[in-house]
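Chemist: Protein chains in written order, with our numbering: chain A, 1 to 287; chain B, 288 to 580; chain C, 581 to 847.
Glycine included, C-beta positions come from ideal geometry on N, C-alpha and C.
Owing to the predicted nature of the structure, the values given are computational and were not obtained by experimental measurement.
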Amino acid sequence: MEWFDNFWSVYSNLVLTLGTNALLALSIYLTLSCGMLVIANAAFMGLGAYSAALLTMNYDAPFALALAAGMAVPAVMAFVIGKPTLRLSGVYLAMATLAFGEVVRIALLNAESITGGALGLNGIPQSTQWWHVALALTLTLALLWRLRRSKVGRAFEAIKEDETAAGLMGIDVGAHKMLAFVLGAALAGLAGALNAHLTFFIGPSEYGFDRGVEILTMAILGGIGNLTGPVLGALILTLLPELLRSFKDFRLVVNGFILVLIVLFLPKGISDTTRLRQWLAQRRSRA
Amino acid sequence: MLEQQLVNALSLGCVYALFALGFTLIFGVLGVINLSHGAVFMVGAYAAEQAVTRLGFPLWGALLSAFLFCGTLGLLIDFLVLRPLRARNAPHLIPMIATIGVAIILNNGVQGIFGAENLRFAPGLVSDESLSLGGLHLTAIELGIILLSFALMAVLLLALKKTQLGRALRAIAESPKAAYLLGINVEGLFYLTSFAAAGLGGLAGVLIGLYSNALFPLMGQPMLHKGIAVIILGGMGDIRGALLGALFLGFAEVLSVAYIGSSMRDAVAFGLLFLILLVRPKGLFGTLQERKV
Amino acid sequence: MSTTLKLTSLSRHFGGLKVLQDVNLEIPQGGIFGLIGPNGAGKTTVFNLITGLLPPTGGRIEFNGQNLVGLQPHEITRLGIGRTFQNIRIFKDMSLLENVMVGLHGQLQYGPLGLLASSGLFRSEERRARERAHELLSWVKLDHKAADKADNLSYGEQRKLELARALATNPKLLLLDEPVAGMNSTEKVELMAEIRNISERGYTIFMIEHDMRFVMGLCADIAVLNFGRIIARGSPDAIRNDPQVIEAYLGREDDEASLDDAKAGAA
Chain A
1 MEWFDNFWSV
11 YSNLVLTLGT
21 NALLALSIYL
31 TLSCGMLVIA
41 NAAFMGLGAY
51 SAALLTMNYD
61 APFALALAAG
71 MAVPAVMAFV
81 IGKPTLRLSG
91 VYLAMATLAF
101 GEVVRIALLN
111 AESITGGALG
121 LNGIPQSTQW
131 WHVALALTLT
141 LALLWRLRRS
151 KVGRAFEAIK
161 EDETAAGLMG
171 IDVGAHKMLA
181 FVLGAALAGL
191 AGALNAHLTF
201 FIGPSEYGFD
211 RGVEILTMAI
221 LGGIGNLTGP
231 VLGALILTLL
241 PELLRSFKDF
251 RLVVNGFILV
261 LIVLFLPKGI
271 SDTTRLRQWL
281 AQRRSRA
Chain B
288 MLEQQLVNAL
298 SLGCVYALFA
308 LGFTLIFGVL
318 GVINLSHGAV
328 FMVGAYAAEQ
338 AVTRLGFPLW
348 GALLSAFLFC
358 GTLGLLIDFL
368 VLRPLRARNA
378 PHLIPMIATI
388 GVAIILNNGV
398 QGIFGAENLR
408 FAPGLVSDES
418 LSLGGLHLTA
428 IELGIILLSF
438 ALMAVLLLAL
448 KKTQLGRALR
458 AIAESPKAAY
468 LLGINVEGLF
478 YLTSFAAAGL
488 GGLAGVLIGL
498 YSNALFPLMG
508 QPMLHKGIAV
518 IILGGMGDIR
528 GALLGALFLG
538 FAEVLSVAYI
548 GSSMRDAVAF
558 GLLFLILLVR
568 PKGLFGTLQE
578 RKV
Chain C
581 MSTTLKLTSL
591 SRHFGGLKVL
601 QDVNLEIPQG
611 GIFGLIGPNG
621 AGKTTVFNLI
631 TGLLPPTGGR
641 IEFNGQNLVG
651 LQPHEITRLG
661 IGRTFQNIRI
671 FKDMSLLENV
681 MVGLHGQLQY
691 GPLGLLASSG
701 LFRSEERRAR
711 ERAHELLSWV
721 KLDHKAADKA
731 DNLSYGEQRK
741 LELARALATN
751 PKLLLLDEPV
761 AGMNSTEKVE
771 LMAEIRNISE
781 RGYTIFMIEH
791 DMRFVMGLCA
801 DIAVLNFGRI
811 IARGSPDAIR
821 NDPQVIEAYL
831 GREDDEASLD
841 DAKAGAA
């Protein structure tokens with residue numbers, strides 16, 4: 001098992017980051033599956049990260065409690081702003097959540113006495129073990145998998161296709177949107193809390209627009225038609241910078257190209273197999 | 288002191304207005320939220336700087352180069368990225384995501400080429416003189432910004448209102464299909480709009496670069512956020528609203544920096560945006576109607 | 581016979597435009613009730629008001645004695661009113677079975693928490709829902725296509741799917757908005773039989789329709805709406821011969837044909 005030990009000592013951070021990125025991608029998948037484009041998940045991640053880190057650093061709180069707080073704080077915040085914000089739709093919702101995300105980031109930047117301002121928090125205990133991430137991811141996937149097959153999942157899809165018709169089927173549209181939003185926030189917060197205790201340093205700049213875009217890209221890249229999409233997208237976008245190290249600054253340029261190309265040519269993401277199936281069927285019929 | 292702040296506010300507001308103008312044009316006519324507009328803005332500043340240092344252009348030459356360079360860039364973006372998405376009728380959040388990708392390419396590309404440190408325009412590019420009106424001092428840059436911005440805004444507003452071209456653009460803004468059926472060359476006007484809007488964005492970039500005397504690859508990002516705030520404040524797709532919103536934001540920011548503190552400056556834009564969306568999503572002048580496809 | 585739906589002095593204005601004025605209707609339980617009228621008379625608006633998509637400008641809407649005004653659409657559906665749409669609004673990316681199962685949303689007895697906890701309840705409720713969905717699809721003869729994507733259906737089949745989905749909401753009152761628009765005559769005859777079947781199962785049906793022959797063939801009780809006002813109410817024969825109704829339709833050329841249609845249908 002020596003190769004594994006070597007591998008792990010070098011790559012453990014990467015693998016665990018992959019796990020938290022997958023959680024993030026799934027958090028935005030949740031809201032997208034309900035037809036909402038929400039760009040605030042980076043902010044929720046930041047709220048989760050700071051809440052958990054402050055608890056473990058300043059109050060010696062047990063890790064489990066910190067994680068719970070990391071989920072609860074963003075969830076409550078989501079609930080509070082959800083009421084007025086979720087009345088909006090489409091572009092307006094996206095912009096409002098974008099704005100909210102920026103407000104949170106600036107607040108984190110300015111609340112120096114609590115958050116350390118621009119310097120962030122340093123020296124967070126590295127409590128995250130691989131099994132924390134694995135467990136979180138497994139539970140999340142299990143929950144979402146069951147959700148998809150239940151009336152809640154069907155309700156989400158109905159709302160995504162036609163809100164009015166969904167309402168007339170007896171679906172409380174507002175409540176379902178709120179559920180997706182709050183649950184997504186909790187997931188993002190969990191990812192943030194886990195991530196903070198992995199990298200032992202966090203700063204407000206990590207939870208801004210760029211992070212929000214990265215999360216969105218992972219989901220779109222992988223495809224939101226099913227659960228493997230976001231995970232696949234997270235996998236690719238986490239590993240890509242490693243593979244592209246030699247590009248240095250230009251590796252993010254590659255990210256950008258990937259996003260554009262995916263949108264243009266693979267609109268349903270990589271995990272959408274229908275295009276592949278169509279292409280294969282065409283080849284078969286020609287043979 | 289307050290009057291001096293007002294001059295600052297006016298200059299800032301004018302630059303915001305130029306930026307918002309391009310942004311709004313693209314949204315109004317093409318129906319796309321172009322999140323690469325900030326990056327184009329930044330490219331304009333860099334293009335002007337390069338025109339001065341490498342090609343030895345004077346100020347007006349640099350401005351013109353920035354306009355043309357960015358205009359072409361905008362046209363390219365439209366042709367390569369937005370046009371195929373139009374052709375297959377993608378729901379309008381999709382082009383927005385694509386423009387995010389373009390912004391990432393531009394922002395990081397420029398950083399890769401020029402590095403992340405601040406660049407400055409060569410000193411002496413703009414005269415150091417200032418104008419004194421009553422108790423107010425206007426530097427040459429501020430004067431230039433205000434005059435140029437107002438001139439461009441006036442030209443644009445007049446063109447939209449009085450010319451055939453303007454009417455065609457307004458028709459497209461309401462319903463591209465109907466405009467097409469009326470014989471308007473919709474696709475051609477899309478190209479023109481992309482060109483002009485990007486050009487204006489690039490100009491705004493040069494002006495801010497001169498005003499703050501600092502160019503850096505991510506300078507377009509905060510601008511983009513403010514542009515979004517402005518167009519929502521003014522009512523999406525409404526030009527007058529965008530201009531008024533931009534001026535309003537300029538004033539709000541400068542006054543808040545003067546009386547509250549500079550750290551919350553960026554928060555002003557977002558705070559306002561958030562509030563407006565909750566209270567009156569259609570902004571000061573806009574209508575929340577989705578335009579008829 | 582008790583009254584199921586009662587509209588009292590119902591009105592709806594859009595700015596200066598009076599779409600509905602002083603509409604009074606009492607629809608008894610059981611049977612098939614028809615609302616006809618020339619284009620633009622305001623018929624769909626009546627449905628939109630009943631289902632809570634629009635608030636009335638004035639008047640009352642009572643369903644089995646309960647006031648509906650101010651309730652959210654999903655609350656009104658849960659009270660027992662189901663609806664189909666003039667321009668079909670099925671969920672195109674879902675299968676037929678899933679479409680109908682969405683309609684069963686209100687009747688599945690587990691909540692979001694139930695997803696986490698009792699697996700048994702979840703499974704049995706889902707099974708029950710699937711069975712019921714298959715049953716409803718078989719009523720409209722679409723069961724064999726249950727797993728197909730709704731988008732692949734023909735126009736007439738999509739209308740039938742909408743009907744099955746509306747039935748899934750377990751309505752006491754079923755609102756059908758132009759159920760046969762765009763169908764050919766074979767499909768219309770088929771749907772007429774299916775609607776009669778549904779009526780015989782005990783559902784009260786309130787139908788808006790343009791096709792006079794269809795309406796007169798199905799409904800024993802008809803009201804006529806013109807320019808937002810009810811101008812006549814009665815049996816098909818009474819309506820056919822009502823001078824006000826004739827005048828309302830003669831004024832609109834495209835409806836003359838349907839009036840002749842109705843007269844031909846009587847002969």
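Looking at the secondary structure, which residues open and close the beta strand (DSSP E) in which T749/C lies?
Modeler: In the third sequence, residue 749/C corresponds to position 169, counting from 1. From DSSP, T749/C is part of no beta strand (DSSP E); its letter is neither H nor E.
Chemist: Could you list which residues in chain B have their beta carbon closer than 9 angstroms to that of M36/A, in chain order?
Modeler: Numbered from 1 along the first sequence, position 36 holds the residue referred to as residue 36/A. The contacting residues do not exist; M36/A stays about 10 angstroms from chain B at best.
Chemist: Output needed for A803/C: all residues of its chain with C-beta closer than 8 angstroms, excluding positions within five of it in sequence on either side, in chain order.
Modeler: Taking the third sequence and counting its residues from 1, one reaches residue 803/C at position 223. Correct list, in chain order: L605, F613, G614, L615, I616, I810, A812 and R813.
Chemist: Tell me the DSSP secondary structure of F557/B in three-state form.
Modeler: Residue mapping note: residue 557/B aligns to position 270 of the second sequence, counting from 1. Three-state result, F557/B: helix.
Chemist: Evaluate the contact criterion for the stretch 81-91 of chain A versus the stretch 169-178 of chain A: three or more CB pairs, one atom per stretch, below 8 angstroms.
Modeler: Yes, the stretch 81-91 of chain A touches the stretch 169-178 of chain A.
Chemist: Answer yes or no: does any C-beta atom of chain C fall closer than 7 angstroms to that of G223/A?
Modeler: Your numbering for residue 223/A matches position 223 in the first sequence. For G223/A, the answer is no, since every Cβ of chain C falls outside 7 angstroms of its Cβ.
Chemist: What's the C-alpha gap between T340/B and P410/B?
Modeler: Within the second sequence, the letter at position 53 stands for residue 340/B. Within the second sequence, the letter at position 123 stands for residue 410/B. Roughly 11 angstroms between the two C-alpha positions.
Chemist: With 16 other CB atoms within 10 Å as the buried threshold, where does E727/C fall?
Modeler: By 1-based counting over the third sequence, the position of residue 727/C is 147. The sequence given here places Ala at residue 727/C; Glu does not occur at that position. Its Cβ having fewer than 16 others within 10 Å, A727/C is exposed.
Chemist: Using beta carbons (cut-off 7 angstroms, strictly below), is K151/A in contact with chain C?
Modeler: Position 151 of the first sequence, counted from the first residue, corresponds to residue 151/A. Output row for K151/A: interface = yes.
Chemist: Residues of the stretch 81-99 of chain A in Cβ contact with chain B at a cutoff of 9 angstroms, in chain order, please.
Modeler: Answer in chain order: I81, P84, T85, R87, L88, G90, V91, Y92, L93, A94, M95, A96, L98 and A99.
Chemist: Closer than 9 angstroms between beta carbons: that is the criterion. Which residues of the stretch 667-682 of chain C meet it against chain A?
Modeler: Those residues of the stretch 667-682 of chain C that come within reach of chain A (Cβ to Cβ, closer than 9 angstroms) are R669, I670, F671, K672, D673, M674, E678, N679, M681 and V682.
Chemist: What are the boundary residues of the alpha helix (DSSP H) that M329/B is part of?
Modeler: On the second sequence, residue 329/B is found 42 positions in, with the first residue counted as 1. From DSSP, the alpha helix (DSSP H) with M329/B extends over H324 to T340.
Chemist: Report all residues from its chain with a CB closer than 7 angstroms to the CB of A136/A; omit the five preceding and five following residues, and keep chain order.
Modeler: Residue numbering aside, residue 136/A sits at position 136 when the first sequence is read from its first letter. L23, L190 and L194.
Chemist: Residue ranges of each alpha helix (DSSP H) run of no fewer than 4 residues wholly in the stretch 633-711 of chain C, ordered along the chain?
Modeler: Counting only runs of 4 or more, we get 653-659, 676-683 and 692-696.
Chemist: Output, in chain order, the set of chain A residues within a Cβ distance shorter than 7 angstroms of L688/C.
Modeler: For the purposes of this step, residue 688/C is taken as residue 108 along the third sequence, with counting starting at 1. Here the neighbours are K151.
Chemist: Quick check: what's the CA-CA separation for A539/B versus L560/B?
Modeler: Residue mapping note: residue 539/B aligns to position 252 of the second sequence, counting from 1. Residue mapping note: residue 560/B aligns to position 273 of the second sequence, counting from 1. C-alpha separation (whole angstroms): 12 angstroms.
Chemist: What is the DSSP secondary structure of A96/A, reduced to helix, strand or coil?
Modeler: Translated into the one-based positions of the first sequence, residue 96/A becomes position 96. Helix at A96/A.
Chemist: Measure the Cβ-Cβ separation of G331/B and M510/B and say whether it is below 7 angstroms.
Modeler: Within the second sequence, numbered from 1, the residue matching residue 331/B stands at position 44. Within the second sequence, numbered from 1, the residue matching residue 510/B stands at position 223. For G331/B and M510/B, no; Cβs fall outside 7 angstroms.
Chemist: Using CA atoms only, rank isn't needed, just tell me which of P382/B, F314/B, A501/B and I320/B is closest to L261/A.
Modeler: As a first step, residue 261/A is located in the first sequence; it is residue number 261 there, counting from the start. Ranking the options by Cα distance to L261/A, first place goes to P382/B.
Chemist: Any chance you could list the beta strand (DSSP E) runs of at least 3 consecutive residues sitting entirely within the stretch 583-621 of chain C, in chain order?
Modeler: 583-594, 597-608 and 612-616, all fully within the stretch 583-621 of chain C.
Chemist: Here's a check: name, in chain order, each residue in its chain whose Cβ is nearer than 6 angstroms to the Cβ of H654/C, leaving out the five neighbours to either side.
Modeler: Locating residue 654/C in the third sequence gives position 74, counting from the first residue. There are no such residues.
Chemist: Between the C-alpha atoms of E833/C and A709/C, what's the straight-line distance to the nearest angstrom?
Modeler: Residue numbering aside, residue 833/C sits at position 253 when the third sequence is read from its first letter. Residue numbering aside, residue 709/C sits at position 129 when the third sequence is read from its first letter. Only weak support is given to the placement of E833/C: the predicted model assigns it a pLDDT of 49, under 50, and the value that follows is read from those uncertain coordinates. Straight-line Cα distance between these residues: approximately 47 angstroms.
Chemist: So A746/C and L754/C are in contact, right, with Cβ under 8 angstroms, and what is the actual spacing, rounded?
Modeler: Your numbering for residue 746/C matches position 166 in the third sequence. Your numbering for residue 754/C matches position 174 in the third sequence. Correct: roughly 6 angstroms between the Cβ atoms.
Chemist: Which full runs of the alpha helix (DSSP H) of 4+ residues lie inside the stretch 762-819 of chain C, going along the chain?
Modeler: With a minimum length of 4 residues, the continuous alpha helix (DSSP H) runs that stay inside the stretch 762-819 of chain C are 765-780 and 792-798.
Chemist: Using DSSP with H/G/I as helix, E/B as strand and the rest coil, what is S417/B?
Modeler: As a first step, residue 417/B must be located in the second sequence, where it is residue number 130. In the structure shown, S417/B sits in a strand (DSSP, three-state: E or B).
Chemist: Is N13/A close to chain B? Criterion is C-beta to C-beta, closer than 7 angstroms.
Modeler: As a first step, residue 13/A is located in the first sequence; it is residue number 13 there, counting from the start. No, N13/A does not count as interfacial toward chain B.
Chemist: Show which residues of chain A have a CB atom less than 8 angstroms away from the CB atom of P653/C.
Modeler: Within the third sequence, numbered from 1, the residue matching residue 653/C stands at position 73. T164, G167 and L168, listed in chain order.
Chemist: Quick check: the stretch 63-76 of chain A against the stretch 89-105 of chain A, are at least 3 beta-carbon pairs closer than 8 angstroms?
Modeler: Taking 8 angstroms as the limit for Cβ pairs, the verdict is that the stretch 63-76 of chain A does not touch the stretch 89-105 of chain A.
Chemist: For H714/C and chain A, any beta-carbon pair shorter than 7 angstroms?
Modeler: Locating residue 714/C in the third sequence gives position 134, where the first residue counts as 1. Closer than 7 angstroms: no.
Chemist: K721/C by DSSP, collapsed to three states: which one?
Modeler: Numbered from its first residue, the third sequence carries residue 721/C at position 141. Note: K721/C maps to coil in three-state DSSP.
Chemist: Are any of the Cβ atoms in chain A nearer than 7 angstroms to that of T625/C?
Modeler: In the third sequence, residue 625/C corresponds to position 45, counting from 1. So no, T625/C is outside the interface.
Chemist: Short check: CB of I39/A to CB of G212/A, under 7 angstroms?
Modeler: Counting from one through the first sequence, the residue named residue 39/A turns up at place 39. Counting from one through the first sequence, the residue named residue 212/A turns up at place 212. Against a cut-off of 7 angstroms, the Cβ pair of G212/A and I39/A comes out as a contact.
Chemist: Within 10 angstroms of its Cβ, does P751/C collect 16 or more other Cβ (buried), or is it exposed?
Modeler: Your numbering for residue 751/C matches position 171 in the third sequence. Flag for P751/C reads buried.
Chemist: Assign L227/A to one of two classes, buried (16 or more other C-beta atoms within 10 Å of its C-beta) or exposed (fewer than that).
Modeler: For the purposes of this step, residue 227/A is taken as the residue at position 227 of the first sequence. L227/A should be labelled buried.
Chemist: Taking the Cβ atom as the reference point for each residue, do F586/B and L362/B lie within a distance shorter than 7 angstroms?
Modeler: Here chain B covers residues 288 to 580 and nothing more, so residue 586/B does not appear.
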